[in-house]
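A short write-up of the structure that comes next.
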Ligand code: SF4
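So this is what it looks like as structure tokens:
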């Protein structure tokens, strides 16, 4: 809901900017007038999918961590095994003598450990890929993760706030990621939200992100959104319109059957338009 900074200025969340781009009146009714909303069942489903996404990623992090532990354990066990088997041998004879006398145990130990590491690695890779990331990418924060807690940015200077679903490090850049599990296609509101995150990341992380990512649908289709000046100008114009409404200007409805059908404040809106049943003349 609309919040205020220490000096009474409005702090607009990234999600609000996305909602405003769909219909200014819907945003006003929901975020400023705080009308009752009728929560769609899809919202609950979205939350569940979101949760399972962060769980999946968390599992991949845990598996990666265990792979490192196992690799260290394997190396330590191998060295220890060689040393205790041949304490009196010269160092360059140790491996040869140990393998000769205990070769089978050593090979079995190594093979079993490598098999476990391999299966952990496969499972980690699959989870990483299924959650929309590459194994080589460095996650800095994930919403819902206890290992990499999410980062919330609140800028009094910009009057903006936001908590990206994930934050990645790519070279010298910190990039925001937003997950939309129910999305079937790219929408302006997702782009607007991500562009606001990019403004916040630039202020708080000190470097302007060149792009961010949206993860769409159940299979986390990844879409790269460039942080272009013309896109940021669009966000600036949205924010100006929002601040005008916060200062008392009227909010214009932008009715459209497909928008109004999904609008959770449509019961409070006289401008709503309903979809015509199939076969009804236009
Ligand atoms: S019902 Fe339609 S016009 Fe009314 S607030 Fe919702 S989206 Fe806007």
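In my numbering, the protein residues as written are 3 to 284.
Cβ atoms here follow ideal geometry from the backbone N, Cα and C, with glycine treated the same way.
Bear in mind that the values here come from a model prediction, so they are computed numbers and not experimental data.
Proximal residues to residue i (C-beta, below 7 Å), its chain only, five neighbours per side dropped
i, result
"residue 56", "144, 145, 146, 147"
"residue 213", "177, 226, 227, 228, 229"
"residue 234", "197"
"residue 273", "27, 255, 257"
"residue 190", "23"
"residue 284", "Low confidence applies to residue 284: its pLDDT is 48, below 50, so where it sits in the model is not reliable, and the reading given next is rough at best. Around residue 284: no qualifying Cβ."
"residue 134", "217, 222, 224"
"residue 69", "119, 122, 123, 126"
"residue 202", "155, 157, 162, 164"
"residue 6", "12, 13"
Extent of the continuous beta strand (DSSP E) run through residue i
i, result
"residue 214", "213-218"
"residue 157", "155-157"
"residue 226", "223-228"
Nonlocal neighbours in the same chain, by C-beta distance under 8 Å from residue i, ignoring five residues either side
i, result
"residue 275", "257, 258, 259, 262"
Residue i versus residue j: straight-line alpha-carbon distance, rounded
i, j, result
"residue 157", "residue 246", "19 Å"
"residue 109", "residue 211", "49 Å"
"residue 36", "residue 14", "15 Å"
"residue 172", "residue 243", "34 Å"
"residue 72", "residue 169", "28 Å"
"residue 249", "residue 236", "20 Å"
"residue 285", "residue 141", "Any property of residue 285 remains undetermined from this structure, which presents the chain solely from 3 to 284."
"residue 194", "residue 114", "50 Å"
"residue 205", "residue 155", "9 Å"
"residue 51", "residue 220", "8 Å"
"residue 268", "residue 184", "21 Å"
"residue 208", "residue 174", "11 Å"
Run of the alpha helix (DSSP H) containing residue i, from where it starts to where it stops
i, result
"residue 175", "Unbroken run through residue 175 is the beta strand (DSSP E), 175-182; no alpha helix (DSSP H)."
"residue 189", "Premise fails: residue 189 is in no alpha helix (DSSP H) and is neither H nor E."
Nonlocal neighbours in the same chain, by C-beta distance under 6 Å from residue i, ignoring five residues either side
i, result
"residue 1", "What is shown of the chain runs 3 to 284, which leaves residue 1 out entirely."
Practice item. Quick one: which unbroken beta strand (DSSP E) runs of 3-plus residues sit fully inside the region 10-77? Chain order, please. Key: 12-15
- Item | Sequence-ordered residues whose beta carbon comes within less than 5 Å of a heavy atom of ligand 3 | As presented, the structure is devoid of ligand 3, carrying ligand 1 as its sole ligands.
Completely contained alpha helix (DSSP H) runs for the region 242-275, where each covers 4 or more residues: 259-264
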